[in-house]
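Residues -17 to -1, 1 to 69 in mature numbering (1 follows the signal peptide of the UniProt record, and there is no 0) are what the sequence shown lists, from first letter to last. Using N, Cα and C, we set each Cβ at its ideal position, and we do this for glycine too. A quick note: this is a predicted structure, and the numbers were derived from the prediction, not measured. A quick write-up on the structure given underneath.
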Amino acid sequence: MLIFSRAPLFLWAKAIATACFTQNRSIIHRRFNKTPYELINGRKPDISFLHVFDALCYLKNDREDIGKLGAKGDIGFFIGYSADSC
């Protein structure tokens, strides 16, 4: 993932965490015909929010002091999932 996205090497831990998060929700175990997430939690994972590592994204700027002509969002790069998104 780091080579494909050309991300800096200091993001290697985030890349590994994102790869594990994605694989636990998408790779089906041949013996049980379920993903590891299904085996542990007993339900199918919601994969509608999965994104490409280091993809361009726009962060919503929801501060109240923006004003009419202020930027409504900031440009960023997606580098991983929150611990609360499990």
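Buried or exposed: which applies to A66, given that a residue is buried once 16 or more other Cβ atoms fall within 10 Å of its Cβ?
Counting from 1 along the sequence shown, the entry for residue 66 is found at position 83. Exposed, since its Cβ has fewer than 16 Cβ neighbours within 10 Å.
Going by DSSP, name the residue or residues bridged to I58.
For the purposes of this step, residue 58 is taken as residue 75 along the sequence shown, with counting starting at 1. DSSP lists Y41 as partners of I58.
Using a Cβ-Cβ cut-off of 6 Å (strictly less than) and excluding sequence neighbours within five positions of K(-4), which residues of its own chain qualify?
Indexing the sequence shown from 1 puts residue -4 at position 14. Counting only Cβ-Cβ distances below 6 Å, and skipping sequence neighbours, we find I62, G63.
Between D29, D37, G59, S31, which lies nearest to K43 when the distance is taken from Cα to Cα?
Along the sequence shown, read from residue 1 onward, the residue named residue 43 stands at position 60. Ranking the options by Cα distance to K43, first place goes to G59.
Are the segment -17 to -10 and the segment 26 to 40 touching by the rule of at least three beta carbon pairs closer than 8 Å?
Short answer: they touch.
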